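Count along the sequence shown starting at 1, add 2, and that's the number in the working numbering.
See below for the structure under consideration.
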Amino acid sequence: MSRIKNLIFDLDGTLIDSSEGVVAAFHYAFAAAGLPLPPAEEVKRFIGYPLETMFAHFTDYSPERLRTYFRERAAETIVASTVPLPEVEPTLAALRDRGFRLAIATTKIVANIEGILDKLDWRGVFEAYAGGNEVQAVKPDPEIFRLVLARLGAVPRESLVIGDTINDILAAQAVPLPVIAVASPWEPAGRVLAACPDFFLDSISQLPRVLDEINTRRSPG
3 MSRIKNLIFD
13 LDGTLIDSSE
23 GVVAAFHYAF
33 AAAGLPLPPA
43 EEVKRFIGYP
53 LETMFAHFTD
63 YSPERLRTYF
73 RERAAETIVA
83 STVPLPEVEP
93 TLAALRDRGF
103 RLAIATTKIV
113 ANIEGILDKL
123 DWRGVFEAYA
133 GGNEVQAVKP
143 DPEIFRLVLA
153 RLGAVPRESL
163 VIGDTINDIL
173 AAQAVPLPVI
183 AVASPWEPAG
193 RVLAACPDFF
203 LDSISQLPRV
213 LDEINTRRSP
223 G
């Protein structure tokens, strides 16, 4: 088997926390539509899911209208609220030191991806990225992973996905790509494990060691 060379990361809940900005934009959308505001902690449970899925959990109001309202405020709040999750930055540095090529595949729109990369000084860390507004269907559809592979000039047998939700796992499996799940700030571990990722990590800091083990097993001899 080929060694893993390319790592495709989810963003929210895997590398970053932008939850305060997501909740602020979500509440703005519901207020603009004259709807009661859902509890912040309940909204956070759906971060990383398609907006339509998030909206449908709380209301049958027009998702197109809610999406428009959400994006009006998200342009101001998402990037501003974003912080790296614990252990992410040293882990990314360790992976780059090992020669891995890093990429991002997320439901976030490209403008927010680029704003986050600039804010966190990650432009030089990731070689490719793709956002939810660049594909016809977001995760759990596998289209976004195929797009990132194409942008990397990479093949599935040398690539691996890291994410925190069932949608990341299902999309990766559909390519197919091996997938490592990391403990999510919002998605219950039992739900993630039920999707059968190849590995489950309590902390992203475990990722370099696990990848070393995977590539040792894949090495000839």
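Each residue gets a CB set at the ideal place from its N, CA and C atoms; glycine is no exception.
Just so you know, these numbers come straight off a predicted model, no measurement behind them.
Return the first residue and the last residue of the beta strand (DSSP E) that residue i is part of.
i	result
Phe202	Phe201 to Leu203
Gly165	Ser161 to Gly165
Asn8	Asn8 to Phe11
Leu104	Arg103 to Ala107
Val181	Val181 to Val184
Ala132	Ala130 to Ala132
Locate the alpha helix (DSSP H) running through residue i, then write down its first and last residues.
i	result
Ala82	Pro65 to Ser83
Ser146	For clarity, residue 146 is Ile in the given sequence; the question names Ser instead. Start and end: Glu145 to Leu154.
Val212	Leu209 to Arg220
Val90	Val90 to Asp99
Leu87	Run containing Leu87: none; DSSP gives neither H nor E here.
Arg171	Per the sequence shown, residue 171 should be read as Ile rather than Arg. Note, Ile171: alpha helix (DSSP H), Ile168 to Ala176.
Arg193	Ala191 to Ala196
Would you call residue i buried or exposed, if buried means 16 or more other Cβ atoms sit within 10 Å of its Cβ?
i	result
Pro92	exposed
Pro52	buried
Glu189	buried
Leu195	exposed
Asp204	exposed
Ala2	This structure cannot speak to residue 2, because the chain is shown only from 3 to 223.
Pro38	exposed
Asp166	buried
Thr16	buried
Report the three-state DSSP secondary structure of residue i (helix, strand or coil).
i	result
Tyr30	helix
Asp62	coil
Ile115	helix
Ile49	coil
Asp120	helix
Margin query: Three Cβ pairs or more, each shorter than 8 Å: is that satisfied between the segment 174 to 189 and the segment 203 to 213?
Written below: Result yes; three or more Cβ-Cβ pairs closer than 8 Å.
Item checked: Three CB pairs or more closer than 8 Å across the segment 16 to 23 and the segment 73 to 90 -> The answer is yes - the segment 73 to 90 touches the segment 16 to 23, with three or more Cβ pairs under 8 Å.
Next item on the list: Evaluate the contact criterion for the segment 127 to 142 versus the segment 40 to 49: three or more CB pairs, one atom per stretch, below 8 Å.
Entry: Contact fails between the segment 127 to 142 and the segment 40 to 49, because fewer than three Cβ pairs, one in each stretch, are under 8 Å apart.
Check: Would the segment 103 to 118 and the segment 54 to 61 be scored as touching if the rule is three or more Cβ pairs under 8 Å?
Finding: Touching, no, given that fewer than three Cβ pairs across the two stretches are closer than 8 Å.
Note to self: Could you check whether the segment 152 to 164 touches the segment 9 to 19, counting it as contact only if at least three pairs of C-beta atoms, one from each stretch, sit closer than 8 Å?
What the structure shows: Remark: three or more beta-carbon pairs, one from each stretch, lie closer than 8 Å, so the segment 152 to 164 and the segment 9 to 19 are flagged as touching.
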